[in-house]
Amino acid sequence: MAKTLAEKVWDAHVVRKGDGEGANAQPDLLFIDLHLVHEVTSPQAFEGLRLAGRQLRRPDLTIATEDHNTPTLAIDKPIADPTSRTQIETLRNNCKEFGVRLHSLGDAEQGIVHVVGPQLGLTQPGMTVVCGDSHTSTHGAFGALAMGIGTSEVEHVMATQTLSLKPFKTMAINVEGTLRPGVSAKDIILAVIAKIGTGGGQGYVLEYRGSAIRALSMEARMTICNMSIEAGARAGMVAPDQTTYDYMQGRPHAPQGADWDAAVEYWNTLRTDDDATFDAEVNLDADTLEPFVTWGTNPGQGVSLSENVPSPADFGDENAKAAAERALQYMGLEAGTPMKDIRVDTVFLGSCTNSRMEDLRAAADVIRGRTKDPAIRMLVVPGSARVRLEAEAEGLDKVFTDFGAEWRFAGCSMCLGMNPDQLEVGERCASTSNRNFEGRQGKGGRTHLVSPVVAAATAVRGTLSSPSDLEPVTEAAGQHVGAA
Amino acid sequence: MEKFTTHTGIGVPLRQSNVDTDQIIPAVYLKRITRTGFEDALFSAWRKDPAFILNQEPFNAGSVLVAGPDFGTGSSREHAVWALKDYGFKAVLSSRFADIFRGNSGKQGLLAAEVAQDDIELIWKVLENAPGTEVKVDLVSKTVECGNVVAPFEIDDYTRWRLLEGLDDIGLTLQHEEDITAYEATRPAFKPTTLPAKLS
Numbered sequence: 001m002a003k004t005l006a007e008k009v010w011d012a013h014v015v016r017k018g019d020g021e022g023a024n025a026q027p028d029l030l031f032i033d034l035h036l037v038h039e040v041t042s043p044q045a046f047e048g049l050r051l052a053g054r055q056l057r058r059p060d061l062t063i064a065t066e067d068h069n070t071p072t073l074a075i076d077k078p079i080a081d082p083t084s085r086t087q088i089e090t091l092r093n094n095c096k097e098f099g100v101r102l103h104s105l106g107d108a109e110q111g112i113v114h115v116v117g118p119q120l121g122l123t124q125p126g127m128t129v130v131c132g133d134s135h136t137s138t139h140g141a142f143g144a145l146a147m148g149i150g151t152s153e154v155e156h157v158m159a160t161q162t163l164s165l166k167p168f169k170t171m172a173i174n175v176e177g178t179l180r181p182g183v184s185a186k187d188i189i190l191a192v193i194a195k196i197g198t199g200g201g202q203g204y205v206l207e208y209r210g211s212a213i214r215a216l217s218m219e220a221r222m223t224i225c226n227m228s229i230e231a232g233a234r235a236g237m238v239a240p241d242q243t244t245y246d247y248m249q250g251r252p253h254a255p256q257g258a259d260w261d262a263a264v265e266y267w268n269t270l271r272t273d274d275d276a277t278f279d280a281e282v283n284l285d286a287d288t289l290e291p292f293v294t295w296g297t298n299p300g301q302g303v304s305l306s307e308n309v310p311s312p313a314d315f316g317d318e319n320a321k322a323a324a325e326r327a328l329q330y331m332g333l334e335a336g337t338p339m340k341d342i343r344v345d346t347v348f349l350g351s352c353t354n355s356r357m358e359d360l361r362a363a364a365d366v367i368r369g370r371t372k373d374p375a376i377r378m379l380v381v382p383g384s385a386r387v388r389l390e391a392e393a394e395g396l397d398k399v400f401t402d403f404g405a406e407w408r409f410a411g412c413s414m415c416l417g418m419n420p421d422q423l424e425v426g427e428r429c430a431s432t433s434n435r436n437f438e439g440r441q442g443k444g445g446r447t448h449l450v451s452p453v454v455a456a457a458t459a460v461r462g463t464l465s466s467p468s469d470l471e472p473v474t475e476a477a478g479q480h481v482g483a484a
Numbered sequence: 485m486e487k488f489t490t491h492t493g494i495g496v497p498l499r500q501s502n503v504d505t506d507q508i509i510p511a512v513y514l515k516r517i518t519r520t521g522f523e524d525a526l527f528s529a530w531r532k533d534p535a536f537i538l539n540q541e542p543f544n545a546g547s548v549l550v551a552g553p554d555f556g557t558g559s560s561r562e563h564a565v566w567a568l569k570d571y572g573f574k575a576v577l578s579s580r581f582a583d584i585f586r587g588n589s590g591k592q593g594l595l596a597a598e599v600a601q602d603d604i605e606l607i608w609k610v611l612e613n614a615p616g617t618e619v620k621v622d623l624v625s626k627t628v629e630c631g632n633v634v635a636p637f638e639i640d641d642y643t644r645w646r647l648l649e650g651l652d653d654i655g656l657t658l659q660h661e662e663d664i665t666a667y668e669a670t671r672p673a674f675k676p677t678t679l680p681a682k683l684s
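Respectively, the protein sequence lines represent chains A and B.
Just so we're aligned, residue 1 is where the first sequence starts under our numbering, counting upward by one.
Just so we're aligned, residue 485 is where the second sequence starts under our numbering, counting upward by one.
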């Protein structure tokens, strides 16, 4: 029978098929290949194991890192916030007790869990990957079935290395065409979410397909899969191809020698069959896509950067209308204002969505030779300690600090402000992260989700901007050309 | 887990769509390492507003939350379910739940009942016209009752069965441990392990 990619990966992991058929079927029991752990959603799960006298079944398929609470300054000093410190220390103790590999603050492999897994080569095509974090969908970029789980499920995976799941429906997101300069993966996914809504993907696994997806690098594919959850989908996937294999080869945990050949042979089967059908299909035109930004308080409330803030009257549905009214009030925005006139206070370049080398390079290319708007605070937070080291080896840290941005240590940082990196009440931020929820980046903070190059251009001009809004820079002197 | 068959309690109309888990419980409360004691964290930003529904009597004593569509979107934090339960909620009604939230609710004995939006609107009206009206949620018959409104709700059969029986998920799975062991023996050699650690 013809199968989609998601169905192939699912079927390869069924430990036990649920009894019954159709709507009355019990869930399947799926084997989990990789369990990623961090400090926030694991303490209660470890405690549950202890209370029940259970073992961690597969420490060799489990890896932990510290990311949500970690400071991005002075990481050699004890964590100042006692509750954050306790949570980190609890993770360290739990990992020691249960034999889990942990990359702690200060370690070269520490960082955001969804940056660390792929970087070590632990995320591979055709695997099942879970983590107590909704952005686990990131790993789907490799053709893995990767999803976020709650703490009860974290405990379940720890005890059994399996999850009970009902099969998902499948949705194809077809993105055909060629992206224009200044338009990136982030714009694709923001446009997809605006199109299908925050609930549009509920119950589905998304498969991103089409020429525009095939042309993307692995890091760009990760950006797209990362935000599948913002469309309500628990997982998003891209079929593996040569781009995937080139990224994987030589990474510490990638297969080697004969194992590599066997793996590639298997990975080559991980494509949706030509005659397979999806339960739903959505099409997006890459050729006409523009830089995309959010104006509201959920990731579906977005428009092209060249458009205006919408009016609640633009929405037919009563709930959407009420949500828009509430969002405009929270965001302090007037309907009809050009998005490019919106002035921001802070620019955040980071998060599991956009904190990898390519993201940093793309932003650095925009700001090199330019001057930051003096009123703007800009934080650059690499996704992992390894990314930070690589960026420094390329001199990107210097580009950012010369520009006037703050070059920080790795972690989740201002994406959710569990560490000291937070917005003040009323402060407005252009952020490369994934959620513009009320208070997400700090109580009363206002978030506009943007791509790395829009973040960089915004830091130059002070208002939401794309690189095409900037005056050209001469390569050699770093001088502005034109309206001098 | 406690068995859930029926529950009757004061209904709380929350006329809002896209109530994300950052609103249900802001990240600052996620630093705790316990599984209980999150009642103060529930909707903590919104509760600072005296006009918020949970600051009104008799809604502050509510136990059935009646919310707009797309409830529980965003973060996977199970703390959102713990906070609702610790506050005293036994059931949440919405026309659409985010997948992870619904899964977490099922694990923790909080009933996430999917009710058609038209029925939600009718229940909202009853609760707003007569604050303090109780909502009866019956998991056996899969119906909710509020004033003169009687409406069916959806919940998947497996979760319903587990809630009715009060069954522990891990215990259920470990009944099939032989199947897990058999599967593990077939896992291809090229698949990675985290141990021994290999570094760049």
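Glycine included, each C-beta is placed from N, C-alpha and C at the ideal position.
- Within chain B, the residues I664 have their CB atoms less than 7 Å from the CB of A:Q161, given in chain order.
- Buried is the label assigned to A:T123, since at least 16 other Cβ atoms lie within 10 Å of its Cβ.
- Spatial neighbours of B:K620 in its own chain (CB-CB distance under 6 Å, excluding positions within 5 residues in sequence) are listed in chain order as T492 and E629.
- Taking 8 Å as the cut-off, the Cβ atoms of A:G210 and A:N268 do not count as close.
- Residues of the region 126 to 155 of chain A whose Cβ lies closer than 9 Å to any Cβ of chain B, in chain order: G126, M127, C131, G132, D133, S134, H135, T136, M147, G148, I149, G150, T151, S152, E153, V154 and E155.
- Within the DSSP secondary-structure output, B:K620 pairs in a beta bridge with B:T492 and B:E629.
- Relative to A:M357, the option among A:D279, A:P125 and A:S217 whose CA is nearest is A:S217.
- Listed in chain order, the positions of the region 82 to 115 of chain A with a beta carbon within less than 7 Å of a beta carbon of chain B are T83, S84, T86, Q87, T90, R101 and E109.
- Residues of the region 489 to 505 of chain B with a C-beta less than 7 Å from any C-beta of chain A: S501, N502 and D504, listed in chain order.
- Between A:L416 and chain B, the shortest Cβ-Cβ separation is below 8 Å.
- Counting along the chain, the unbroken beta strand (DSSP E) around A:D28 starts and ends at D28 to F31.
- With a threshold of 16 other beta carbon atoms within 10 Å, B:S625 falls short and is exposed.
- Cβ contact annotation for A:A231 (same chain, cutoff 6 Å, sequence separation greater than five): I193, I196, G200 and G201, in chain order.
- In this structure, the beta-carbon distance from A:P382 to A:S355 falls below 8 Å.
- A contact between stretches requires three or more CB pairs, one per stretch, nearer than 8 Å, and the region 408 to 415 of chain A meets this requirement with the region 377 to 396 of chain A.
- Look at B:L568 here: in three-state DSSP terms it is helix.
- When CB distances to chain A are screened at a threshold of 9 Å, the residues of the region 503 to 522 of chain B falling below it are D504, T505, D506, Q507, P510, A511, V512, L514, K515, R516, I517, T518 and R519, in chain order.
- Boundaries of the beta strand (DSSP E) around B:L577: A575 to S578.
- Relative to A:T151, the option among A:V130, A:E390 and A:V460 whose CA is nearest is A:V130.
- The distance from the Cβ of B:T657 to that of A:T160 is about 5 Å, consistent with a contact at the 8 Å cut-off.
- Relative to the Cα of B:K682, the nearest Cα in the group A:M171, A:G203 and A:H253 belongs to A:H253.
- Remark: C-beta atoms of A:H68 and A:L416 approach each other more closely than 8 Å.
- Where A:R446 is concerned, the enclosing beta strand (DSSP E) starts and stops at R446 to L449.
- Three or more Cβ pairs drawn from the region 542 to 556 of chain B and the region 592 to 611 of chain B lie within less than 8 Å of each other, which places the two stretches in contact.
- Counting along the chain, A:G236 sits inside the beta strand (DSSP E) bounded by residues A235 to M237.
- Look at the beta carbons and you see the region 172 to 190 of chain A touching the region 269 to 289 of chain A: at least three pairs across the two are nearer than 8 Å.
- A:M147 sits buried, since 16 or more C-beta atoms from the chains shown fall within 10 Å of its C-beta.
- In terms of beta-carbon proximity, A:S164 lines the interface with chain B, with at least one pair separated by less than 8 Å.
- Of all alpha-carbon atoms in A:L470, A:T70, A:Q110 and A:G48, the one lying nearest the alpha-carbon of B:D653 is that of A:G48.
- In this structure, DSSP gives B:D504 an extended state, which the three-state scheme calls strand.
- DSSP places A:Y208 in the uninterrupted beta strand (DSSP E) bounded by Y204 to R209.
- Put simply, the backbone Cα of A:K17 is about 14 Å away from that of B:Q659.
- For A:C429, the enclosing beta strand (DSSP E) begins and ends at R428 to S431.
- Under the 8 Å criterion on CB atoms, B:G587 is classed as interfacial with respect to chain A.
- The residues L105, G106 and F409, in chain order, have a CB closer than 8 Å to that of A:I75 in the same chain once the five nearest residues on each side in sequence are set aside.
- When rounded, the separation of the alpha-carbon atoms in B:P542 and B:F536 is 12 Å.
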